[in-house]
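Trainee: All residue numbers for the sequence shown refer to the working numbering, where the first residue is 499 and numbers rise by one.
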Amino acid sequence: MAVDVLTEIVIARPVEVVARYVSDPSNAPEWYANIESVEWQTPPPVALGSRMDFLAHFLGRRLAYTYEIVELEPLQRLVMRTAQGPFPMETSYEWSTEGADSTRMSLRNRGEPSGFAGLAAPVMAAAMRRANQKDLDRLREILESNSPR
499 MAVDVLTEIV IARPVEVVAR YVSDPSNAPE WYANIESVEW QTPPPVALGS
549 RMDFLAHFLG RRLAYTYEIV ELEPLQRLVM RTAQGPFPME TSYEWSTEGA
599 DSTRMSLRNR GEPSGFAGLA APVMAAAMRR ANQKDLDRLR EILESNSPR
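(1) Alpha carbon to alpha carbon, what distance is there between S521 and L576?
(2) Using a 10 Å radius around the Cβ and a threshold of 16 neighbouring Cβ atoms, would you call A598 buried or exposed?
(3) Report the residue ranges of all alpha helix (DSSP H) runs contained in full by the segment 500 to 536; include only those spanning at least 4 residues, in chain order.
(4) Drop a sphere of 10 angstroms on the beta-carbon of A526, count the other beta-carbons inside from all chains shown, and report buried for 16 or more, exposed for fewer.
(5) Looking at F552 and P512, is the spacing between their C-beta atoms short of 9 Å?
(6) Less than 9 Å between the beta carbons of V544 and I567, yes or no?
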């Protein structure tokens, strides 16, 4: 069973601010509760083909995986994908202008879990949806209260 979780939020900051912050994987541990660290395999900044190693915890498990940037439309869309492990995943971000100085951001996680992870897909999807909403709320808090880099 496939997992496809889409979460959206409106952030009271311009698209340029939101997209630049989110497009830098080095910022992920600040706003993703489950991501402990990100190590670049390729030199920053992010570009097509960039690769980063992520260390995370999810549903009580420690996960280490490598994402590769497979689509990049600056200030509009970023897609990264991993193929290793029991749960190949694609994560995409999209940004659009919402009102005068706000941004609508979508976060989508899609994957085809196998083995036991495949049996637990409905539980995983619900947990991902809750975690993603909390992460987007944290992102909004960071961006609306600070002037990020």
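Idealized CB from N, CA, C, for every residue including glycine.
Mentor: Per the coordinate set shown:
(1) Approximately 7 Å, taken between the alpha carbons.
(2) Its Cβ having fewer than 16 others within 10 Å, A598 is exposed.
(3) Taking 4 residues as the minimum length, the alpha helix (DSSP H) runs contained wholly in the segment 500 to 536 are 513 to 520, 526 to 529, in order along the chain.
(4) Buried, by the Cβ-count rule.
(5) In this structure, P512 keeps its C-beta atom at 9 Å or more from the C-beta atom of F552.
(6) Contact: yes.
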